[in-house]
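For the sequence shown, our numbering assigns the number 271 to the initial residue and increments by one for each residue that follows. Glycine included, every Cβ here is placed at the ideal spot set by N, Cα and C.
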Amino acid sequence: MIFPNTVMNSMAAVIAIAVGAKAPSITLNQATVAGDLAVARGAALIADGRADAVLAGGVDEIFLDVYRGLAALGALSPMRGQGREGCRPYAPDHNGPVLGEGATFVVLESLEHARERGAAIVAEVRGSAWASLPVAPHAAPVRRRDGSRTVRRALEQAGLAPSALARCYGSGNGDPSLDDWELALLAEDGIHDPVSLAPRFGQHGGLGALRVAAGALAARAGAGPALVHGIARGGCRAALVIGEAA
């Protein structure tokens with residue numbers, strides 16, 4: 271009786287039953303990239319005609335035993351006991367993530383479906399791509415390049431050059447190895463100075479979708495298109511271009 275309630279996809283399955291969702295139910299579990307990857311996968315389902323609408327996002331809750339275990343392993347700020355505690359992504363003195371908790375979900379629809387039901391369209395997913403860059407999960411520093419051109423593929427779908435982006439929301443969480451790798455990968459694509467939401471909310475599984483929501487709200491306000499970027503230690507990478515609705 272315990273098993274069905276503890277497998278990873280139990281939450282998505284229960285929600286699907288509760289709201290009567292009939293399309294595919296997909297669970298993703300990859301730290302720092304789960305939320306934005308969920309949105310990218312959801313956008314692909316709609317683009318392929320497999321769903322008219324998708325609920326996509328991420329959720330995380332601080333669990334005391336996990337928190338204590340990560341702290342004992344030196345995986346949280348201050349990593350290896352060096353420096354002061356704090357989440358400082360991309361900064362020279364970054365020394366590990368600070369855990370947070372929260373949930374963020376967005377509704378994705380085809381343009382036709384949204385118009386038919388009179389939805390208030392906030393923004394448009396103009397491009398999305400993801401790939402795997404195989405690396406050892408705890409390798410540090412990570413220097414592998416992205417031969418699959420994840421960001422470039424998302425930009426090509428959107429018909430944009432890197433210089434056309436108003437901003438980039440990155441997945442930086444204060445982990446020195448991961449932060450530096452993300453900066454290097456983005457620089458290869460001509461993108462610099464990403465913004466992280468982790469200092470405000472702590473690192474949790476909902477941040478990826480929150481980055482998408484931030485990009486959507488900025489686009490609606492006329493700030494221009496945004497790149498939402500996620501990268502995980504295991505090598506999973508996702509990129510979405512969010513622009514003003516047509």
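Reference residue i; option with closest CA among the options
{"i": "G442", "options": "M281, G500, G312 and A406", "result": "G500"}
{"i": "G460", "options": "M278, H383 and V421", "result": "V421"}
{"i": "D322", "options": "Q352, E382 and R481", "result": "E382"}
{"i": "R481", "options": "A310, R385 and F333", "result": "A310"}
{"i": "A489", "options": "G472, A390, G513 and F273", "result": "G513"}
{"i": "V303", "options": "V498, R387 and R385", "result": "V498"}
{"i": "R423", "options": "S398, A314, E452 and L455", "result": "S398"}
{"i": "V392", "options": "A491, L334 and A345", "result": "A491"}
{"i": "G366", "options": "A516, I316 and A468", "result": "A468"}
{"i": "G504", "options": "P432, A436, R413 and Q427", "result": "R413"}
{"i": "H474", "options": "R437, R396, G370 and A406", "result": "G370"}
{"i": "H462", "options": "A342, P432 and D318", "result": "P432"}
{"i": "R437", "options": "P464, G312 and L453", "result": "P464"}
Where the beta strand (DSSP E) through residue i begins and ends
{"i": "D328", "result": "The amino acid occupying residue 328 in the given sequence is Gly; Asp does not appear at that position. Its beta strand (DSSP E) spans residues A323 to D330."}
{"i": "G500", "result": "A496 to I501"}
{"i": "G513", "result": "C506 to G513"}
Neighbourhood of residue i by C-beta, 7 Å cutoff - its chain only, sequence neighbours within 5 removed
{"i": "M271", "result": "none"}
{"i": "G476", "result": "G305, G327, G328, V329, D330, G372, A373 and T374"}
{"i": "L430", "result": "P495 and V511"}
{"i": "A283", "result": "S295"}
{"i": "A389", "result": "E379"}
{"i": "S280", "result": "P274"}
{"i": "Q352", "result": "N365"}
{"i": "A502", "result": "Q300, A301, T302 and V303"}
Close Cβ partners of residue i (< 8 Å) along its chain, the five nearest in sequence each way excluded
{"i": "A291", "result": "I285 and L325"}
{"i": "I287", "result": "none"}
{"i": "L307", "result": "L298, Q300, W400, G478, G500, C506 and A508"}
{"i": "A516", "result": "L381 and E394"}
Alpha carbon of residue i to alpha carbon of residue j, nearest angstrom
{"i": "L378", "j": "Q300", "result": "21 Å"}
{"i": "A293", "j": "R320", "result": "7 Å"}
{"i": "M349", "j": "A384", "result": "46 Å"}
{"i": "A314", "j": "E394", "result": "13 Å"}
{"i": "I332", "j": "R470", "result": "16 Å"}
{"i": "A457", "j": "A428", "result": "19 Å"}
{"i": "A493", "j": "E355", "result": "33 Å"}
{"i": "E338", "j": "E426", "result": "Per the sequence shown, the amino acid found at residue 338 is Arg instead of Glu. Spanning the two alpha carbons is a distance of roughly 43 Å."}
{"i": "E452", "j": "L435", "result": "17 Å"}
Same chain, Cβ closer than 6 Å to residue i, neighbours up to 5 away in sequence not counted
{"i": "S466", "result": "P359, G440 and G442"}
{"i": "H364", "result": "R358, G444, P446 and D449"}
{"i": "D416", "result": "L403 and L455"}
{"i": "V368", "result": "S347, C357 and G472"}
Endpoints, alpha helix (DSSP H) assigned at residue i
{"i": "P469", "result": "A468 to F471"}
{"i": "G478", "result": "L477 to R490"}
{"i": "G312", "result": "A304 to A317"}
{"i": "I287", "result": "S280 to V289"}
Quiz item: Which full runs of the beta strand (DSSP E) of 3+ residues lie inside the region 411-461, going along the chain?
Solution: 437-440
Quiz item: In chain order, which alpha helix (DSSP H) runs of at least 4 residues are fully inside the region 330-397?
Solution: 334-342 and 381-386
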